[in-house]
Amino acid sequence: MRLFLAIFLTLLLPGLGQLVNGHRWKGIVFIGLDFVGIVLNHTVSEIPVYLLYAVALVDAAIFGFKVQRGKLEAPKGRKFVLEVVVISILSILITGIFDEWMIQYRPNPFEELQNLGEPSEEEKQQVKKEAEQYLKERYGEEFYVDNLHYIWQTDRWSMRGHLKNEEGWDFWVSKARGQFKDAYFTHRISRDAEEEIKPQIEEAFDSLINWDTSVGVADEIKDQYAKSIPSYQELREKTKRYKQTITIALATSLTEKNQEQEFEEVYRLVSYLNQNNIRADMVIFYYDPSIKEKGIKKVDFTRSGYYQEYLTGLLEINDVSKVKTAKDIGKYLK
């Protein structure tokens, strides 16, 4: 009972669990750190608060367990219980009031710095002009940029680039330390790659939820062909300094009974890639079909952990050229 109470009170406010375990001074220190955490939460980051809770929980659990096992003694009696109750109520009330005061009345110095660092409209227009000129000189085509954002913490500009005569897709452009960078080359090659393998993927997998692909290319190659970007097929003929990544989500429960059939489907796609000399790696998520019943129509691959409860299997093939038969697919099952 004491162990449960120590953990429960720690979740309410770090330091209270230490009081329950009989560590008064340690509890007072943690409660004092609560105020520091509130200040940091509203001015710098919430991370110190999470760390404080984690340390306090571990400490309360370890010593609470020792008390429960009889390895440590802890105060008992009505006076001790009253002391814990009074300190807990006062601490929660005072920290709550302090937190509310920080929200309403305490200015955030980092917000003030951010406002001071907010560029003027003239500066934005100047960066926009510079970015469009950079893209034109690099690729020999007409572009425009929008959605300009200045990240004052890193003194960096972020924006989206568009090809003037081709709407419907965009790419990131950034400026840092006076240098521009962009993803136009890789976006264009990736689009070609997507169009090429789309029929192969849709034919190979009946339970397809969604998929994505991107092509990474060495900087030297991008610089070499910037003025005349080849098609994806032409790029493969010119260099091996690229790598395609294919990520697929399937609404299929992977079991021992259907593994052979599923691996045959994967091998059909792998065979196409190898026959066309496509250097690629592949990740395939097998989800329980109930994922669709939950209204999930598209898997966000950047947040794959969100769908962990539906995951029944995962294939990670880091080099498809090493796969020679359908039986080889099983080696990459995680």
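In terms of our numbering, the sequence shown opens at residue 15 and continues consecutively. For glycine and all other residues, C-beta sits at the position ideal for the given N, C-alpha and C. Note that the structure is predicted; figures quoted are calculated from it, not measured.
From the DSSP output, which residues share a beta bridge with residue i?
i, result
"Q258", "V229, A294"
"Y193", "Checking the sequence shown, residue 193 turns out to be Gln, not Tyr. Paired residues: A190."
"W171", "Y164, K189"
"I331", "M296"
"Y158", "H176"
"Y301", "L325"
"N224", "A263"
"L347", "L329"
For residue i, does the three-state DSSP call read helix, strand or coil?
i, result
"W39", "helix"
"E180", "strand"
"T326", "strand"
"F22", "helix"
"I211", "helix"
"L27", "coil"
"L86", "coil"
"Y198", "helix"
"N288", "helix"
"N55", "helix"
"L268", "coil"
"A145", "helix"
"K311", "coil"
"P62", "helix"
"E132", "coil"
"K241", "coil"
"T253", "coil"
Please state whether the Cβ-Cβ distance between residue i and residue j is less than 9 Å.
i, j, result
"I203", "L149", "no"
"V284", "I331", "yes"
"E146", "Y158", "yes"
"Q273", "L177", "no"
"Y300", "T326", "yes"
"G51", "P62", "yes"
"L329", "I298", "yes"
"A265", "I305", "yes"
"E279", "A190", "no"
"G31", "L65", "no"
Short of 7 Å in beta carbon distance, which residues of its chain neighbour residue i, apart from the five on each side in sequence? Order them along the chain.
i, result
"A240", "R152, Y153, F199"
"N224", "A263, K312, V313"
Just to confirm my understanding: we take residue i, look at its own chain, exclude 5 residues before and 5 after, and list those with CB closer than 6 Å. What are they?
i, result
"G29", "G41, F44, I45"
"Y286", "Q214"
"H56", "M116"
"V337", "V284"
Which same chain residues end up closer than 8 Å to residue i when comparing Cβ atoms and leaving out the 5 residues on each side of it in sequence?
i, result
"Y256", "I203, V229, G230, V231, A232, I235, L249, R250, R293"
"E87", "G36, V81"
"E216", "L222"
Please report the Cβ distance between residue i and residue j, rounded to the nearest whole angstrom; I am assuming they are in contact, meaning their Cβ atoms lie under 8 Å.
i, j, result
"I21", "A75", "6 Å"
"V34", "L26", "Not really, about 11 Å apart at Cβ, beyond 8 Å."
"Y281", "A340", "4 Å"
Between residue i and the ligand NAD, is there a pair consisting of the residue's CB and a ligand heavy atom that are separated by less than 8 Å?
i, result
"F94", "With respect to the ligand NAD, the structure offers nothing, as it holds no ligand at all."
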